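Reading through the structure tokens given below for one structure.
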Amino acid sequence: MREFELIRALSRRVGAIPGVEVGIGDDAAVMAPGRCGLVALDTMVEGLHFRRDYSSAADVGWKLLACNLSDIAAMGGAPGAYFLSLSLGEGADEAWVEGLFAGLEAAAAALAPEPAAVAPAGGDTTGSPGPLVLSLTLTGQAPSRGAVLRGGARAGDEIWLFGRVGLAAAGLEVLRRWPEGSAERAAWPSLVEAHRRPQALCRLGAALGESGLLHAMIDVSDGLLQDLGHILARSGVGARVRLEAVPVSPEAAALAALLGEDARAWALSGGDDYALVATAPASSGEALAALCAAQGVAAARLGEVVAGEGLEALDAQGRAVEASALGRGHEHALGGRG
Ligand code: ADP
Ligand code: MG
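Numbered according to the working numbering, the sequence shown spans residues 699 to 1036.
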């Protein structure tokens, strides 16, 4: 598929986008004032962030948008138009590109608070002599009281987890171990789906931002403990986390039992679930629980923010657990396979 054909095929799929005055087809997009105060960018490289034998083109499109939706959600914002950079190598034929667009559309329809606003307003298309490289820049609108930052946590805050963690890591384990078409792979559909189509908490993020109930927030892309650590470092505080309070899904626990793996380690350190971690004063507790219940999102209080620095993890008996026993978060390798 040639560049101009691809752009034509894409523009045919896109109607008027709320918040965009001029979209695909001119030299630059014209955005309505006030609609793009937040900007996030995420890139996915074939072989590093996705594999075409693990994920369909539509799965890749879903995830490319979902990881950006999650970043805007973590600011408490509402997502808008996006910009798409496609460096396409061999194998990205017309059908694959159509699948990619379909996955992007499916994620917007399923996850965004205003799906019509989350559509492509421009981008760039090139070839690639090697792997496919897909990059998406998502705009968003900050909540009226200002974005929720990583740096706002205060000693005494409660630490909240919204959504579920450890499922995508468990799903990746299934894909790694068992080939397409095998009964074993087919036995864990919800875990494989969690890896392929993460449920970014986009509507919840926007509602949390408007609520003013939070002091700080981040999305869990690289592992719960590691990402919570970014809040602590930015805020200049420490934390005590009760490991028992981190929910482990029954499916992940069943898979871990079968494989002799540790489902809690997946929950604490697994990436790509796109849950949200936040801190809030205890006075916000009831309202936060009600907001999550209304949206059908699991919410758990994991511990509290303390003065000082570092993260202290406590076992069921209240004893400190060695950091080395918790597993590492995911840090993407540069120039290798991550
Ligand atoms: P230019 O040479 O001025 O950059 P292009 O030919 O690259 O123009 O792009 C033409 C139009 O198509 C622009 O409006 C651009 O934003 C849009 N476009 C190109 N590639 C993509 C893409 N992958 N996704 C969305 N829009 C695209
Ligand atoms: Mg261009």
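Glycine included, every Cβ here is placed at the ideal spot set by N, Cα and C.
Note that this is a predicted model, so its numbers are computed, not measured.
- Take the alpha-carbon of MET729 and the one of ALA963: they are about 43 Å apart.
- Looking at the DSSP output, GLN839 bridges to ALA776.
- In terms of Cβ geometry, ILE857 and VAL946 do not form a close pair [threshold 9 Å].
- The beta carbon of GLU701 sits closer than 8 Å to at least one heavy atom of the ligand ADP.
- Per DSSP, PHE860 is not a residue of any alpha helix (DSSP H); the beta strand (DSSP E) it occupies stretches across 856–860.
- Assigned with DSSP and collapsed to three states, ARG962 falls in helix.
- DSSP places SER982 in the helix class (H, G or I) of the three-state scheme.
- Distance from the C-beta of ASP724 to the nearest heavy atom of the ligand ADP is below 8 Å.
- In terms of side-chain proximity, the C-beta atom of ASP822 is found nearer than 8 Å to a non-hydrogen atom of the ligand ADP.
- Between the ligand ADP and PHE748, a heavy atom-to-CB distance of less than 8 Å is absent.
- When C-beta atoms of the segment 862–874 are compared with those of the segment 884–897, three or more pairs fall below 8 Å, so the two segments count as touching.
- For LEU708, the shortest separation between its Cβ and any heavy atom of the ligand ADP lies below 8 Å.
- DSSP, read as helix, strand or coil, puts ARG895 in coil.
- By the neighbour-count definition (other C-beta atoms within 10 Å, threshold 16), GLU744 is a buried residue.
- For ALA885, the distance from the CB to the nearest heavy atom of the ligand ADP is not below 8 Å.
- If you look at ASP822, you'll find it isn't in any alpha helix (DSSP H); it sits in the beta strand (DSSP E) that goes 818–825.
- With 16 or more neighbouring CB atoms inside 10 Å of its own CB, PRO841 falls in the buried class.
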